[in-house]
Amino acid sequence: MTSTHYDVAIIGAGPGGYVAAIRAAQRGAKVAIVEKQYMGGTCLNVGCIPSKAMLHIAETLHNLSSIEELGITLPQPPVFNMNKAVAFKDKVVKRMTSGVSTLMKGNNVDVFDGLGSVDASRTVTVTKDGNTQQFSADKVILANGSVPFIPSMPGVDGDKVMNSDTCWNLPKTPESLICVGGGVIGIELACMFEALGTKVTILEMLPNVLAPVDEEVRKLLVRIMGKRGINIVTNAKVESIVDENGLKKVQTTTDKGEQSFSAEYVLMAVSRRPNTSGLEQLMEQGLDTDRGRVRVNDNLETNLPGIYAIGDLIHGAGLAHVASMEGEIAADNATGHPAIMNYDVVPNPIYTFPEIASVGLTEAAAREKYSEIRVERFPWSAIGKAVAIGETEGFTKVIIGKYGEFLGAHIIGPDATNLITEYSLAMRGELTVDEVEETIHPHPTLSEGLREAVLAAEGHPIHIPPRQAARAR
Ligand code: FAD
Ligand code: NAI
């Protein structure tokens with residue numbers, strides 16, 4: 012029997028769900044959130060946050076190889092302790108996840124610990140260890156997120172075959188690792204493990220890793236990763252994994268026939284699938300889905316009235332910041348403040364070193380869509396701050412339309428994931444190259460590279476000679 016009533020109930024406390032809860036509470040709603048596993052969801056527990064903590068350690072270690080030049084002498088090679096690194100990562104995760112619990116409390120959101128099941132009448136049943144609680148809600152927001160997709164392939168459930176849920180607490184650095192899949196997870200984790208001392212091979216079935224990334228940017232990253240000794244094999248579809256001589260042998264079909272690769276560990280990173288646990292009743296009652304993902308309209312409402320869906324559960328970018336924005340929009344709609352989700356400007360960060368970040372169209376997509384575009388890049392080697400911090404690899408690339416509008420921007424280099432916000436804001440605000448050019452950028456900063464790229468596109472960069480600028484054009 013329903014014992015309590017809420018204005019808004021949210022299933023799942025990832026970056027989609029917990030942000031929706033806060034926004035709904037700010038709108039004056041009585042809010043419940045149900046979480047079955049961990050506050051903060053994938054992102055805070057096994058995704059964005061632990062990966063960035065471990066990547067920070069890995070990048071620090073990587074940078075130590077050039078520290079002598081700065082006048083600092085350390086024992087070479089420096090001693091790395093995986094247990095301490097994991098303890099640091101755990102501390103970061105704990106701090107962030109308890110922060111979410113504090114935010115729920117501070118916003119008077121009732122947290123239910125257990126698996127939430129929902130029906131079309133918006134009754135929510137919470138199950139934990141055989142105990143059941145039930146409540147009703149005027150509106151429900153489904154924020155169930157996603158889990159690693161594990162293909163049915165021989166050997167995939169074997170010992171030392173990991174995925175992004177299970178790779179964070181290794182007792183020591185693997186000697187060698189095969190990443191199956193050269194998407195964002197495979198590439199970020201390859202960078203991480205290589206810097207921690209692992210011999211890494213990436214097996215990707217497509218002709219390119221990071222297929223959606225701008226070609227020029229991708230090519231540079233692949234070159235840099237190759238120089239570090241990461242073996243990237245493309246056109247290699249992984250078919251099975253077997254144990255041989257104490258190693259994992261990964262069998263592939265490639266354009267050159269069958270080929271196998273061996274390593275101590277395998278990391279499966281072949282995409283994620285929506286987590287539909289607890290949605291069985293809704294499915295039976297006609298919840299509209301497309302290849303497992305819940306379908307929504309521009310207001311993020313499903314075909315069942317009063318039931319919204321957000322984040323990795325729906326089609327979209329598969330990014331935490333998008334899930335959070337969807338959470339705000341769904342909560343606005345659920346509390347009587349009509350809002351539409353706008354996907355025109357979605358920044359994409361990739362935490363390799365050097366970092367990659369992009370917004371808008373790639374050069375290839377822009378050329379296909381528009382007849383008149385200008386494309387220009389500006390190298391970090393000509394920016395004082397980048398030289399001062401010893402991070403001169405890479406460039407900023409802008410794609411400008413006929414009216415001086417930004418069609419796309421791509422950065423490979425230091426702090427790219429922070430810097431991309433300037434271009435995102437410019438695109439969202441429909442600014443043109445003129446506004447960026449007329450904005451004084453502080454010196455010495457990396458942000459100067461963003462303005463210089465625009466100046467280069469306009470044909471008058473300051474910090475590269477005219478001949479070099481013309482050649483780049
Ligand atoms: P999730 O974070 O998956 O949260 C869903 C929550 O719902 C989970 O806690 C789950 O337990 C709970 N749940 C599910 N069903 C029920 C139920 N029936 N009852 C109760 N609770 C339920 N994105 C970025 O933007 N930047 C990054 O740097 C980044 N790095 C990543 C690194 C890795 C290794 C991975 C795997 C992902 C990364 N992502 C990153 C993607 C990001 O984690 C997801 O896009 C984001 O977590 C999606 O948020 P969400 O709220 O939709 O779902
Ligand atoms: P993905 O879809 O980005 O990449 C998976 C790759 O695996 C593809 O390139 C695919 O061709 C390849 N593949 C599939 N089956 C294969 C096989 N049998 N053999 C060889 N290759 C195979 O998925 P990924 O990397 O798992 O990431 C999932 C999502 O997580 C991303 O799309 C992204 O949304 C999110 N994420 C975001 C991050 C960020 O924003 N920095 C970081 C990590 C994840």
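Our numbering applies: residue 12 is where the sequence shown begins, and numbers increase by one. Here a beta-carbon is modelled for each residue, glycine too, at the ideal position from N, C-alpha and C. All values derive from a computational prediction rather than experimental measurement.
CA nearest to the CA of PHE99, picked from ARG462, ARG302, LEU442, HIS67: Here residue 99 refers to the residue found at position 88 when the sequence shown is read from its first residue. Checking every option, the nearest Cα to that of PHE99 belongs to HIS67.
Of the residues ILE321, VAL409, ASN344, the one placed nearest ARG38, counting alpha carbons only: Numbered from 1 along the sequence shown, position 27 holds the residue referred to as residue 38. Out of ILE321, VAL409, ASN344, ASN344 has the C-alpha closest to the C-alpha of ARG38.
Residue of HIS326, LEU298, PRO159, ASN246 minimising C-alpha distance to PRO316: The sequence position of residue 316 within the sequence shown is 305, counting from 1. Of HIS326, LEU298, PRO159, ASN246, the residue nearest in Cα terms is LEU298.
Assumed close pair ARG133, ILE321 - CB separation to whole angstroms, cut-off 8 Å: Residue 133 sits at position 122 when you count from the first residue of the sequence shown. Residue 321 sits at position 310 when you count from the first residue of the sequence shown. No, ARG133 and ILE321 are not in contact; Cβ-Cβ is about 16 Å, not under 8 Å.
Local Cβ density within 10 Å of ALA453, reported as buried at 16 or more and exposed below that: As a working note, residue 453 is residue 442 in the sequence shown. According to the sequence provided, residue 453 is Pro. The question's Ala does not apply to it. When all chains shown are included, PRO453 counts as exposed.
Of the listed residues PRO360, MET50, GLU46, THR113, nearest to ASP124 (C-alpha basis): Here residue 124 refers to the residue found at position 113 when the sequence shown is read from its first residue. Per the Cα distances, GLU46.
Length of the line joining the Cα atoms of VAL370 and THR428: One-based indexing of the sequence shown puts residue 370 at position 359. One-based indexing of the sequence shown puts residue 428 at position 417. So the alpha carbons of these two residues sit roughly 10 Å apart.
Contact check, GLY338 vs TYR29, beta carbons under 9 Å: Reading the sequence shown from its first residue, position 327 is the one you call residue 338. Reading the sequence shown from its first residue, position 18 is the one you call residue 29. Yes; because the gap between Cβ atoms is below 9 Å, this pair is in contact.
Enclosing alpha helix (DSSP H) for ASP445 [first to last residue]: Against the sequence shown, residue 445 aligns to sequence position 434. From DSSP, the alpha helix (DSSP H) with ASP445 extends over 444 to 449.
Per-residue burial, LEU153 [other beta carbons within 10 Å of its own, 16 or more giving buried]: Looking up residue 153 in the sequence shown gives position 142. Buried, since its Cβ has 16 or more Cβ neighbours within 10 Å.
Three-state secondary structure (DSSP) of LYS267: Counted from its first residue, the sequence shown places residue 267 at position 256. LYS267: coil per DSSP, three-state reduction.
Reference VAL90, options MET107, ASP101, ARG106, ALA69, closest by Cα: Residue 90 sits at position 79 when you count from the first residue of the sequence shown. Checking every option, the nearest Cα to that of VAL90 belongs to ALA69.
The stretch 296 to 310 / the stretch 217 to 227 touching (three or more Cβ pairs under 8 Å): no
Under 9 Å between C-beta atoms of GLU291 and SER128: Along the sequence shown, read from residue 1 onward, the residue named residue 291 stands at position 280. Along the sequence shown, read from residue 1 onward, the residue named residue 128 stands at position 117. The answer is yes: Cβ separation under 9 Å.
For VAL191, the nearest candidate out of ALA397, ALA376, ALA328, TYR276 (CA to CA): As a position in the sequence shown, residue 191 is number 180, starting the count at 1. The residue with the shortest Cα to Cα distance from VAL191 is TYR276.
Those runs of the alpha helix (DSSP H) which lie wholly inside the stretch 327 to 371 and span at least 4 residues: 331 to 345
Rounded straight-line distance, which links the Cα of GLY237 to that of THR177: The residue given as residue 177 occupies position 166 in the sequence shown. The residue given as residue 237 occupies position 226 in the sequence shown. Approximately 26 Å, taken between the alpha carbons.
Cβ-heavy atom distance, TYR276 to ligand 2, below 8 Å: Mapped onto the sequence shown, residue 276 falls at position 265. No, the Cβ of TYR276 stays beyond 8 Å of every heavy atom of ligand 2.
Spatial neighbours of LEU85 in its chain, beta-carbon cut-off 7 Å, leaving aside the 5 residues before and after: To locate residue 85, count along the sequence shown from 1; it is residue 74. So the qualifying residues of the chain are LEU75, ILE78.
Local conformation of MET12 per DSSP, three classes: Here residue 12 is taken as the residue at index 1 of the sequence shown, counted from 1. For MET12, the predicted model reports a pLDDT of 43, less than 50, meaning its position is unreliable and no value from the coordinates is stated.
Where ARG484 falls: helix, strand or coil (DSSP): By 1-based counting over the sequence shown, the position of residue 484 is 473. Confidence at ARG484 is low in this model, with a pLDDT of 46, below 50, so its placement is unreliable and no value can be given for it.
Heavy atom of ligand 2 within 8 Å of SER175 beta-carbon: Here residue 175 corresponds to residue number 164 of the sequence shown, with the count starting at 1. Indeed, a heavy atom of ligand 2 lies less than 8 Å from the Cβ.
Cα-Cα separation between GLY141 and ILE44, rounded to whole angstroms: Within the sequence shown, the letter at position 130 stands for residue 141. Within the sequence shown, the letter at position 33 stands for residue 44. Cα to Cα, GLY141 sits roughly 19 Å from ILE44.
Enclosing beta strand (DSSP E) for HIS421 [first to last residue]: Your numbering for residue 421 matches position 410 in the sequence shown. Element bounds for HIS421: 417 to 424.
Reduced DSSP secondary structure (H/G/I, E/B, other) of LEU55: Position 44 of the sequence shown holds residue 55. Note: LEU55 maps to helix in three-state DSSP.
The stretch 384 to 393 / the stretch 405 to 417 touching (three or more Cβ pairs under 8 Å): yes
ALA437, DSSP secondary structure in three states: To locate residue 437, count along the sequence shown from 1; it is residue 426. Looking at ALA437 - three-state DSSP - the assignment turns out to be helix.
Coarse secondary structure for THR71, derived from DSSP in three states: Against the sequence shown, residue 71 aligns to sequence position 60. Looking at THR71 - three-state DSSP - the assignment turns out to be helix.
Alpha helix (DSSP H) runs contained entirely in the stretch 223 to 248, provided each spans 4 or more residues: 226 to 238
CB of GLY193 within 9 Å of CB of ILE22, strictly: Sequence index remark: in the sequence shown, residue 193 carries index 182 (1-based). Sequence index remark: in the sequence shown, residue 22 carries index 11 (1-based). No, they are not a contact pair.
Candidates THR346, LEU372, GLY347: closest to ASP355 by CA position: The residue you call residue 355 lines up with position 344 of the sequence shown. Residue LEU372 is the option with its Cα nearest to ASP355.
Cut-off 7 Å between Cβ atoms - residues of its own chain near LEU181, not counting five sequence neighbours on either side: Residue numbering aside, residue 181 sits at position 170 when the sequence shown is read from its first letter. Same-chain partners within the cutoff: MET93.
Cβ-based neighbour list, LEU258, same chain, cut-off 7 Å, excluding 5 preceding and 5 following: Within the sequence shown, the letter at position 247 stands for residue 258. Answer for LEU258: SER273, ALA274, GLU275, listed in chain order.
Pair within 9 Å by beta-carbon distance, HIS16 and ASP149: Your numbering for residue 16 matches position 5 in the sequence shown. Your numbering for residue 149 matches position 138 in the sequence shown. Taking 9 Å as the Cβ cut-off, HIS16 and ASP149 qualify as a contacting pair.
TYR354 CB to nearest heavy atom of ligand 1 below 8 Å: Reading the sequence shown from its first residue, position 343 is the one you call residue 354. Result no, Cβ not under 8 Å from ligand 1.
THR265 beta carbon near ligand 2 (any heavy atom closer than 8 Å): For this step, residue 265 is matched to residue 254 along the sequence shown. No, the beta carbon of THR265 sits no closer than 8 Å to any heavy atom of ligand 2.
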